[in-house]
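K.L.:
What follows is a single structure, and I will ask about it in a moment.
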Amino acid sequence: MNIIEWAFGKRMTPAERLRKHQRALEKTQRELDRERTKLEAQEKKLVQDIKKNARNNQMGAVKVQAKDLVRTRRYIQKFYQMRTQLQAISLRIQTVRSNEQMTQSLKGATTLLGSMNRQMNLPALQRIAMDFERENDIMDQRQEMMDEAIDDVTGLEEEEEEGEEVVNKVLDEIGVDLGQALGETPTGLQGRGREEEGGGRVAQAVGVGGAGGTDPGDEDLQARLDSLRR
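Oh and the sequence shown: position 2 is 1 in numbering that gives the first Met the number 0, straight run, nothing missing.
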């Protein structure tokens, strides 16, 4: 605390002065309300006294009290007007306080944004984005290599091709044309009944040799065909 603050008091900020004035206005409004309440009570008492004196035929007292009643009602009306004016001033001060708080908030936000913008390094941000893109591409390439390696290890495609070659080789050895035996129809488009019918044709083609006894060699070939179809 410097000597000026010690001698004249601490200098108040605009916000503090506004709060002080608003508290003073609220205090004045409460005092006006108390005085108005007293006057209203006095008004009721005067009305009762006027009625009482009128019944007692005391017209002199009635006239004096009537003037006092008129004056009291005027002051009550003035207190209402004064309180309304003070309320309007208080609302205006509250509006000024709100505007001042909004100004301070905007000032703080502007300072914060300026500090963040100064701390933001655009070249570094671009470099980070480029590094991320490069690392992402590397990860994609490695994933493709891993997928290819797994396919090579499992060898599913080669096993399927080798299986088809074995089937064709066996059918060639026994002299059976697979397309002719199945009626030139894809297996996936035929029902189970037609597959059985095709199987019967294959069996009939293999089992040529008359309706008599069955050759053990033919039975062996038929069993191999059945196992290949399964």
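Think of the CB as a built atom: it goes at the ideal place given N, C-alpha and C, for glycine as much as any other residue.
Beta-carbon within less than 8 Å of A23's beta-carbon, same chain only, minus the 5 sequence neighbours each way: which residues are those?
P.N.:
none
K.L.:
What is the rounded straight-line gap between the Cα of A148 and the Cα of R133?
P.N.:
23 Å
K.L.:
What does the alpha-carbon distance come out to for the pair A123 and D130?
P.N.:
10 Å
K.L.:
Within this structure, are the beta carbons of L68 and L90 separated by less than 8 Å?
P.N.:
no
K.L.:
Comparing C-alpha positions only, which one of D32, N55, L111 and N98 sits nearest to Q80?
P.N.:
Nearest of D32, N55, L111 and N98 to Q80, Cα basis: D32.
K.L.:
How would you write the range of the alpha helix (DSSP H) that Q84 sits in, first residue to last?
P.N.:
M58 to Q118
K.L.:
Quick one: grab the DSSP three-state call for N55.
P.N.:
DSSP places N55 in coil when its eight states are reduced to three.
K.L.:
Thinking C-alpha only, which one of T36, L112, I127 and P13 is nearest R82?
P.N.:
T36
K.L.:
What is the DSSP secondary structure of T12, reduced to helix, strand or coil?
P.N.:
coil
K.L.:
So, at 6 Å on beta carbons, what are the nonlocal neighbours of A53 in its own chain, with the 5 sequence-adjacent residues on each side left out?
P.N.:
V61
K.L.:
For Q85, I'd like the list of residues in its chain whose CB is within less than 8 Å of its CB, leaving aside the five on either flank, ordered along the chain.
P.N.:
Before going on, a small fix: residue 85 reads as Leu here, not Gln. Cβ neighbours of L85 beyond the five flanking positions: L24, T27, Q28 and L31.
K.L.:
Answer yes if the stretch 13-22 comes into contact with the stretch 88-105, meaning at least three C-beta pairs across the two stretches below 8 Å, and no otherwise.
P.N.:
yes
K.L.:
Under the three-state reduction of DSSP, which class applies to A222: helix, strand or coil?
P.N.:
helix
K.L.:
If we call anything under 8 Å between Cβ atoms a contact, is Y74 one with L38?
P.N.:
yes
K.L.:
Report the CB separation of E42 from T12 in whole angstroms; it is logged as a contact under 8 Å.
P.N.:
Rounded, the Cβ-Cβ distance is 45 Å, inconsistent with contact.
K.L.:
Identify which residue in Q118, F78 and D48 has its Cα closest to the Cα of E34.
P.N.:
F78
K.L.:
Going straight from the alpha carbon of Q140 to that of N116, what length do you get?
P.N.:
37 Å
K.L.:
Are there 16 or more other CB atoms within 10 angstroms of the CB of Q100, so buried, or fewer, so exposed?
P.N.:
exposed
K.L.:
Using beta-carbon positions only, say whether I49 and Q64 come within less than 8 Å of one another.
P.N.:
yes
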